[in-house]
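Only one structure is covered here, and it is reproduced in the block below.
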Amino acid sequence: MLLYWILLPIVWVLAHIIWRFEVIGRENLKAVRDGRAYVIAPNHIANLDPVFVAITVFDWKRLRILAKEELFKNPLAGWFLRCMGAVAIERGKGDTTIVEKLTNECKNGTGIMVFPEGTRTKTGKLGMIKSGAFVIAAAAGADMLPVRIIYGTKDGKMHLFCKIRIVFGEAIPAEDLQIKDQSHKMAELRRMKNRLRDELEQLLADNAFTPQIAENPAPAVDVPETTDKPQLPKGDT
Numbered sequence: 000m001l002l003y004w005i006l007l008p009i010v011w012v013l014a015h016i017i018w019r020f021e022v023i024g025r026e027n028l029k030a031v032r033d034g035r036a037y038v039i040a041p042n043h044i045a046n047l048d049p050v051f052v053a054i055t056v057f058d059w060k061r062l063r064i065l066a067k068e069e070l071f072k073n074p075l076a077g078w079f080l081r082c083m084g085a086v087a088i089e090r091g092k093g094d095t096t097i098v099e100k101l102t103n104e105c106k107n108g109t110g111i112m113v114f115p116e117g118t119r120t121k122t123g124k125l126g127m128i129k130s131g132a133f134v135i136a137a138a139a140g141a142d143m144l145p146v147r148i149i150y151g152t153k154d155g156k157m158h159l160f161c162k163i164r165i166v167f168g169e170a171i172p173a174e175d176l177q178i179k180d181q182s183h184k185m186a187e188l189r190r191m192k193n194r195l196r197d198e199l200e201q202l203l204a205d206n207a208f209t210p211q212i213a214e215n216p217a218p219a220v221d222v223p224e225t226t227d228k229p230q231l232p233k234g235d236t
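In numbering that gives the first Met the number 0, the protein residues as written are 0 to 236.
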């Protein structure tokens, strides 16, 4: 934890030197950070998205961020990720142990960041919503906070020195994320996914940058991915 407290301000300063941030809806974030269980569900365009959300939240109690196991094979990257609260997930396997661990931490008030698309999109548009975030939120009795990351660039992707707008929407209440009728589990999951998708798309519609053409846009940055979807018990979708 001591290293996290040291690294968080350093990363915050470096990010604000390179990019220009604007945060909207911070009151919605504060509303869930009152000791309740909550899951942060952002869209995912760039590999640095989880870092941008983490420094925006800037909580001295570390967020838990899901990251694919391959990223931890590099000793330096693995050390940094663990300091920042990342948890390794082995893709292709139903890692119920990790899901249970995160669920218990969430119940105790630790924020869990799960990218509901499971991976970043190449086009900048919202991808298919997966079940992982809903599994953890339902088991923990957590609210879900939709977050839209918007890049102020012509192609909607991250570039060096671009403007970044992070928008926190109103939380989806925990009771709305419970499957009340197990015989209609898939239908209820689709309802939840559609609701989150609608919320994320509305955040973009309400807060998109005014279209602008850059004469010489900076090159897009490609860095190692830091997140992936949580692995679910076999048979989930």
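Glycine included, C-beta positions come from ideal geometry on N, C-alpha and C.
**Item:** Nearest neighbour of L202, chosen from P172, G168, L176 [CA to CA]
**Value:** To locate residue 202, count along the sequence shown from 1; it is residue 203. Among P172, G168, L176, the Cα nearest to that of L202 belongs to G168.
**Request:** Please report how far the alpha carbon of Y150 lies from the alpha carbon of R164, in whole angstroms.
**Result:** Counting from 1 along the sequence shown, the entry for residue 150 is found at position 151. Counting from 1 along the sequence shown, the entry for residue 164 is found at position 165. If I take the Cα positions, the gap works out to 6 Å.
**Item:** Range covered by the beta strand (DSSP E) that runs through E26
**Value:** Your numbering for residue 26 matches position 27 in the sequence shown. For E26, no beta strand (DSSP E) run applies; the uninterrupted alpha helix (DSSP H) run containing it begins and ends at 25-31, by DSSP.
**Asked** Quick one, which of N206, I44, M143, N73 has its alpha-carbon nearest G110's?
**Response** Here residue 110 refers to the residue found at position 111 when the sequence shown is read from its first residue. G110 has its Cα closest to that of M143, out of N206, I44, M143, N73.
**Item:** Segment limits, alpha helix (DSSP H) that includes I5
**Value:** In the sequence shown, the residue the question calls residue 5 occupies position 6. Segment 1-17, the alpha helix (DSSP H) holding I5.
**Prompt:** Y3 and C105: beta carbons closer than 7 Å?
**Reply:** The residue given as residue 3 occupies position 4 in the sequence shown. The residue given as residue 105 occupies position 106 in the sequence shown. Taking 7 Å as the Cβ cut-off, Y3 and C105 do not qualify as a contacting pair.
**Prompt:** Just to confirm, does R61 get its C-beta within under 6 Å of one of the non-hydrogen atoms of the ligand ZN?
**Reply:** Absent from the structure shown: the ligand ZN. Ligands present: none.
**Straight-line gap, I16 to N73 (C-alpha atoms, nearest Å)** = Taking the sequence shown and counting its residues from 1, the one referred to as residue 16 is at position 17. Taking the sequence shown and counting its residues from 1, the one referred to as residue 73 is at position 74. Their backbone Cα atoms lie some 27 Å apart in a straight line.
**Continuous beta strand (DSSP E) stretch holding R63: start and end** = Against the sequence shown, residue 63 aligns to sequence position 64. Segment 63-67, the beta strand (DSSP E) holding R63.
**Item:** Buried or exposed by the 16-neighbour rule on C-beta atoms within 10 Å, applied to H183
**Value:** As a working note, residue 183 is residue 184 in the sequence shown. H183 should be labelled exposed.
**Request:** Tell me whether D205 is buried or exposed, calling it buried when 16 or more other Cβ atoms sit within 10 Å of its Cβ.
**Result:** Indexing the sequence shown from 1 puts residue 205 at position 206. Exposed, because fewer than 16 other Cβ atoms sit within 10 Å of the Cβ of D205.
**Asked** Among residues of its own chain, excluding the 5 on either side of I44, which ones have a beta-carbon nearer than 8 Å to its beta-carbon?
**Response** Mapped onto the sequence shown, residue 44 falls at position 45. Cβ within range, chain order: R119, T120, G123, I148, Y150, G155, K156, M157.
**Asked** In the structure shown, what three-state DSSP assignment does P172 receive?
**Response** The residue you call residue 172 lines up with position 173 of the sequence shown. Secondary structure at P172: coil, using DSSP grouped into helix, strand and coil.
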